[in-house]
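**Q** Counting along the sequence shown from 1, when you hit position 11 you're at 11 in the numbering used here, and nothing is skipped either side.
Can you read through this structure? Questions will come right after.
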Amino acid sequence: MEQNFSSKLLERAVEEVSNLPGIGRKTALRLVLHLLRQDATQTNALSEALTTLRREVRYCRVCHNISDTETCQICSNPKRDSTTLCVVENVQDIMAIEATNMFNGLYHVLGGVISPMDGIGPSNLHIQSLTERVPKDQVREVILALSPTMEGDTTAYFIYRRLMSLNIPELKVTVIARGVAQNNELQYTDEATLGRALAGRTPFVGN
């Protein structure tokens, strides 16, 4: 059912909000009307936070995580195990793994997975920087914590082959246990299941 707006300003705001993932026009209208009912300082604070985020946000030069500085807090933390590297698809996956409190290594964000149907190939991801980082930082274990989907498995296999071509005898490549349901994205897995999957990781079988 098409919505009839009495205000072009309202219509534009709803249109912009409905462009967000998972937000339909009805939900967008409800959110916009909610903001209109709030004190102007709250709406202005939200607007300022988003504008500042867009203008000042950076990506860590080491792991590609979202950061306020050139190097993120995780990469610059001397208490983290720099010899263990967890490869994830996106920033949300780091947040999910950190919530388990069961991993003390570092991360590497790919920025997605290989998906020819979507026009995403290896060159569109942060795979080259990963293969450069492993020998440079003397990484001893790479954990492939990718979603158990066809695209995730394809990406894991591609990375495994690239890492093996480095010929580092002491390098171990592992994959999180299949406690994560098939076809589920990592970021939507509950903390207990994800924690067990990390703890039960196994050597990657390249076949």
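All C-beta atoms, glycine included, are put in the ideal place defined by N, C-alpha and C.
Counting only the same chain and skipping the five closest in sequence on each side, list residues whose C-beta sits under 8 Å from that of F158.
**A** Within the sequence shown, numbered from 1, the residue matching residue 158 stands at position 158. The beta carbon of F158 is closer than 8 Å to those of I114, P122 and I127 in its chain, skipping five residues each way along the sequence.
**Q** Just the Cα atoms here: how many angstroms apart are N90 and V142?
**A** On the sequence shown, residue 90 is found 90 positions in, with the first residue counted as 1. On the sequence shown, residue 142 is found 142 positions in, with the first residue counted as 1. Taking the straight line joining both Cα atoms gives about 16 Å.
**Q** Leaving out five residues on either side along the sequence, give the residues of the same chain with a beta carbon under 6 Å from the beta carbon of A28.
**A** In the sequence shown, counting from the first residue as 1, residue 28 sits at position 28. The answer, listed in chain order, is V14, V17 and S18.
**Q** Return the residue from the list V109, M102, N104 and L85 that minimises the CA-CA distance to R61.
**A** Within the sequence shown, residue 61 is the residue found at index 61, counting from 1. R61 has its Cα closest to that of V109, out of V109, M102, N104 and L85.
**Q** Helix, strand or coil for T131? Go by DSSP, reduced to three states.
**A** Residue mapping note: residue 131 aligns to position 131 of the sequence shown, counting from 1. The DSSP-derived three-state label of T131 is helix.
**Q** Evaluate the contact criterion for the stretch 161-172 versus the stretch 72-81: three or more CB pairs, one atom per stretch, below 8 Å.
**A** no
**Q** How would you write the range of the beta strand (DSSP E) that G105 sits in, first residue to last?
**A** By one-based count along the sequence shown, residue 105 stands at place 105. Residues G105 to V109.
**Q** For T131, which of C63, L194 and V57 has the nearest alpha-carbon?
**A** Start at 1 with the first residue of the sequence shown, and residue 131 comes out as number 131. Across the set C63, L194 and V57, the C-alpha of C63 shows the shortest separation from the C-alpha of T131.
**Q** Use the C-beta contact count for D93: other C-beta atoms within 10 angstroms, 16 or more gives buried, fewer gives exposed.
**A** For the purposes of this step, residue 93 is taken as the residue at position 93 of the sequence shown. So D93 ends up on the buried side.
**Q** Round the Cβ separation of N104 and R80 to the nearest angstrom and send it over; I've been treating them as touching at under 8 Å.
**A** One-based indexing of the sequence shown puts residue 104 at position 104. One-based indexing of the sequence shown puts residue 80 at position 80. Contact flag correct, Cβ pair sits at about 6 Å.
**Q** Tell me the DSSP secondary structure of N183 in three-state form.
**A** Against the sequence shown, residue 183 aligns to sequence position 183. With a pLDDT of only 46 at N183, under the threshold of 50, the placement of this residue in the model should not be trusted; the figure read from the coordinates follows. Coil at N183, not helix or strand.
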